[in-house]
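In what follows, a structure is listed as structure tokens, so that the remarks can point back to it.
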Amino acid sequence: MSYRLGVDVGGTFTDLLLFDEQTGAFWRHKTPSTPHDSSEGILVGVQAICGSAGITPADVEIFLHGTTVATNAVLEGKGARVGLIVTEGYRQVMQIARSFVPGGLAGWIVWPKPTPLAALEDTVEVKGRMSAQGEEVRATDDADIRAALETLKRQGVEALTVSLMNAYLNGAHERRVAELAAEIMPDVPISLSHIVLPEMQEYERTLTTVANAAVRPVVGRYVRNLRSRLRDSGMAGKLALLRSDGGLMSSEKSEEHPVSLLMSGPAGGVTGAIWVGKNAGIRNILTLDVGGTSTDVALIENLEARRVRTTEVGHLSVRASALDVKTVGAGGGSIAYVPELTGALRVGPQSAGAVPGPVAYGKGGELPTVTDANVVLGYLPEALLGGTFKLDREGAKKAVQTIADALKIDLYAAARGIIDIVNENMFGALRMISVQQGYDPRDFALMGFGGAGPLHVNAVARLMGSWPAVSPVSPGVLCALGDATTRMRTETARSFSRLASQTTLEELGGILDEMATQIGDELVSEGVAKEDVTITFEVDVRYAGQAFEVPMAVTRDDLHTHGVEWLTGRFDEEHHRLFTFNMDSEHEIVNLRAVAMGQALDLPAATLPQGNGDPSAAKLRDHELWMNGAMMPAVIYDRSKLLAGDVIPGPAIVIEMDSTTLIEADCTGTVDAVGNILITLKTGN
Numbered sequence: 001m002s003y004r005l006g007v008d009v010g011g012t013f014t015d016l017l018l019f020d021e022q023t024g025a026f027w028r029h030k031t032p033s034t035p036h037d038s039s040e041g042i043l044v045g046v047q048a049i050c051g052s053a054g055i056t057p058a059d060v061e062i063f064l065h066g067t068t069v070a071t072n073a074v075l076e077g078k079g080a081r082v083g084l085i086v087t088e089g090y091r092q093v094m095q096i097a098r099s100f101v102p103g104g105l106a107g108w109i110v111w112p113k114p115t116p117l118a119a120l121e122d123t124v125e126v127k128g129r130m131s132a133q134g135e136e137v138r139a140t141d142d143a144d145i146r147a148a149l150e151t152l153k154r155q156g157v158e159a160l161t162v163s164l165m166n167a168y169l170n171g172a173h174e175r176r177v178a179e180l181a182a183e184i185m186p187d188v189p190i191s192l193s194h195i196v197l198p199e200m201q202e203y204e205r206t207l208t209t210v211a212n213a214a215v216r217p218v219v220g221r222y223v224r225n226l227r228s229r230l231r232d233s234g235m236a237g238k239l240a241l242l243r244s245d246g247g248l249m250s251s252e253k254s255e256e257h258p259v260s261l262l263m264s265g266p267a268g269g270v271t272g273a274i275w276v277g278k279n280a281g282i283r284n285i286l287t288l289d290v291g292g293t294s295t296d297v298a299l300i301e302n303l304e305a306r307r308v309r310t311t312e313v314g315h316l317s318v319r320a321s322a323l324d325v326k327t328v329g330a331g332g333g334s335i336a337y338v339p340e341l342t343g344a345l346r347v348g349p350q351s352a353g354a355v356p357g358p359v360a361y362g363k364g365g366e367l368p369t370v371t372d373a374n375v376v377l378g379y380l381p382e383a384l385l386g387g388t389f390k391l392d393r394e395g396a397k398k399a400v401q402t403i404a405d406a407l408k409i410d411l412y413a414a415a416r417g418i419i420d421i422v423n424e425n426m427f428g429a430l431r432m433i434s435v436q437q438g439y440d441p442r443d444f445a446l447m448g449f450g451g452a453g454p455l456h457v458n459a460v461a462r463l464m465g466s467w468p469a470v471s472p473v474s475p476g477v478l479c480a481l482g483d484a485t486t487r488m489r490t491e492t493a494r495s496f497s498r499l500a501s502q503t504t505l506e507e508l509g510g511i512l513d514e515m516a517t518q519i520g521d522e523l524v525s526e527g528v529a530k531e532d533v534t535i536t537f538e539v540d541v542r543y544a545g546q547a548f549e550v551p552m553a554v555t556r557d558d559l560h561t562h563g564v565e566w567l568t569g570r571f572d573e574e575h576h577r578l579f580t581f582n583m584d585s586e587h588e589i590v591n592l593r594a595v596a597m598g599q600a601l602d603l604p605a606a607t608l609p610q611g612n613g614d615p616s617a618a619k620l621r622d623h624e625l626w627m628n629g630a631m632m633p634a635v636i637y638d639r640s641k642l643l644a645g646d647v648i649p650g651p652a653i654v655i656e657m658d659s660t661t662l663i664e665a666d667c668t669g670t671v672d673a674v675g676n677i678l679i680t681l682k683t684g685n
């Protein structure tokens, strides 16, 4: 027997999902997160889930893990103190940065410039210089490098970044600095820019390498601690972490290259949604991952998630491939309030978090939240997590009454107002990844997951016009499912910077082949069988003179058959789709990337027994909820008793261990062959 265990650590709960690769059977478990040391909560969950499956941790072959450790280190400013070594004359590279200022007109008046991750006093210059062609113009001086390293050592830096001019073309000078650093500062981890990001644009290359260095000690400690605790529990299997781009990397590689983990958390949900879509026969999906504090949204087209070349965390924007996920501060714990100045209802981004949590949780929370509004309206029945968690409805009513009083309206109208506003916030985030990117949301299904996603997915689908609204099986642990069904991935990049008219197919193909060999070997060294490695390519193209480029996915066969003109023609099409115009300028090929992936795990979804369309066998009880301005009768169903083909007329609530699905009054939920609930408008609406 071989088992895979996916683990997703969230702010409130740690979700676990154990898969039997042979049978497709799975077990799920939720345990409270332990923010002071995530590995504690993970170990508790591992023991519990292995116990319920009747196995020991030693039976787990692969442990797959999505983590927010790197993200939180950046957001909370808890990264390491980074020493930065740059080429003579470039000491202020981090301070000068890019001139882009966020905000509208005159935004600069009130914009506090973020503090660079490497301070000016911890930045030193060294002699030596490479040309723009990668040839040595001036040699380095060992005595000069040693003096710079001794300075940083005295200052007590905890991580070191080396980013020298044009190193992306020739890393010889950076390697020499690293050799001397290993001698002078043997315990300090070193990040070299020509390895972390071998691309042009020295600011982006330096910033990304500094970010990598800043989170290395934190991530390294976390990974080593987790690995040793898992080994102590008897787990001898492989430990892999989820990258920002939805692939996997070995835990050892993640210690060297943690900048690839900055969006590890949200990536799990997107990869899980792709697996669900594949099994449900839905190829175009907008995802709505609603947690306690925030909502993450992404776009999946033809079962491929959109990727971007920049990862944004807080003020930090680094060059590292990531799934195109937008986050908005709207979740189950988002706090509702009425500012005195405007007298208008606001919801979030402040959150009650895991502690004290919503008032209804009875853990000492006093401020009204989205969860409390859902409880008041009857959308969240009094028992959660399979009846183990009782909600305090009276407490929730009292809290929401404070909003009703401030607005001088009825309690239920106030509660529905809170829900409407949080739904609009989610709608805004979804518009950013669909309409603003040139996609029509009516061509997509909307999939709600995370603890609170299925409660809101019906209402948000109505705002978007995205039908059906999908509530997948086990939506609360879908991120862990994504972690468990992901494949190994690695990538490398090269700057090319040549006009397309001066580029030959042989030259382009030769470099792509060289990169393919390099990263293919890298995956093989991480334990992937050579025959299981798939390699794809991306080429960044722009009009000569533009400051940004558009990445184009290509295959060697396409290039070989159609040539460079085909590539520029495809760029023109994509540029027109994104910006509605093309230019007469020449095309420039800027960067080349090769991506190597291990074999996709073809896990089947368990099919449900076929029913006759009548869900009454799954009915738990009659219920009342407030919708469309009045109290109305509804039915509560037990999801585990629903059969394929069951049709659930709204209004209805479907409860399960880790989530609650709301079907609105003028909608119908249909259970598909693998257990997903597909919600559509009743015919005639």
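If you read the sequence shown in full-length UniProt numbering, its first letter stands for residue 1, the second for the next number, and so on. A virtual CB, placed ideally from N, CA and C, is assigned to each residue, including glycine. These numbers come from a predicted model, not from an experiment.
query                                                                                                                : result
Cβ neighbours of residue 628 in the same chain (closer than 8 Å, five flanking residues each side left out)          : 665
Three or more C-beta pairs below 8 Å linking the segment 88 to 96 and the segment 120 to 133                         : yes
Start-to-end residues for the beta strand (DSSP E) that takes in residue 350                                         : 346 to 351
Residue 198 - DSSP class collapsed to helix/strand/coil                                                              : coil
Helix, strand or coil at residue 222 [DSSP, three-state]                                                             : helix
Cβ neighbour criterion (16 or more within 10 Å) applied to residue 70                                                : buried
Residue(s) in a DSSP beta bridge with residue 50                                                                     : In the DSSP output, where bridge partners are listed per residue, residue 50 has none listed.
Beta-carbon gap between residue 393 and residue 422 smaller than 8 Å                                                 : no
At least 3 beta-carbon pairs within less than 8 Å: the segment 478 to 488 vs the segment 11 to 21                    : yes
Complete beta strand (DSSP E) runs within the segment 538 to 571 (minimum length 3 residues, chain order)            : 550 to 554
Per-residue DSSP class, three states only, for residue 3                                                             : strand
Same chain, Cβ closer than 6 Å to residue 437, neighbours up to 5 away in sequence not counted                       : none
DSSP beta-bridge partners of residue 285                                                                             : 300, 445
8 Å Cβ cutoff met for residue 434 and residue 444                                                                    : yes
Other residues of its chain near residue 116: CB distance less than 7 Å, five sequence neighbours each side excluded : 94, 95
C-alpha distance - residue 239 paired with residue 537, whole-angstrom precision                                     : 27 Å
Residues bridged to residue 318 [DSSP beta-bridge criterion]                                                         : 311
Cβ contact check for the segment 455 to 470 and the segment 425 to 433: 3 or more pairs under 8 Å                    : yes
Exposure label - residue 63; buried when at least 16 CB within 10 Å                                                  : buried
Start and end residues, beta strand (DSSP E) containing residue 29                                                   : 26 to 32
With 16 other Cβ atoms within 10 Å as the buried cut-off, status of residue 565                                      : exposed
Spatial distance of residue 648 from residue 364 (CA atoms)                                                          : 36 Å
Cβ-based neighbour list, residue 146, same chain, cut-off 8 Å, excluding 5 preceding and 5 following                 : 180, 184
Validate contact between the segment 623 to 643 and the segment 510 to 530 using beta carbons, cut 8 Å, 3 pairs      : no
Residues bridged to residue 498 [DSSP beta-bridge criterion]                                                         : 589
Alpha-carbon spacing of residue 569 relative to residue 501, whole angstroms                                         : 13 Å
Cβ neighbours of residue 487 in the same chain (closer than 7 Å, five flanking residues each side left out)          : 247, 248, 597, 598, 599, 600, 601
Residue 499 classed as buried or exposed, judged by whether at least 16 other C-beta atoms fall within 10 angstroms  : exposed
Nearest-angstrom Cα separation, counted from residue 586 out to residue 152                                          : 46 Å
Bridge partners - residue 471, DSSP secondary structure assignment                                                   : 677
Length-filtered (4 minimum) alpha helix (DSSP H) runs lying within the segment 381 to 421                            : 393 to 407
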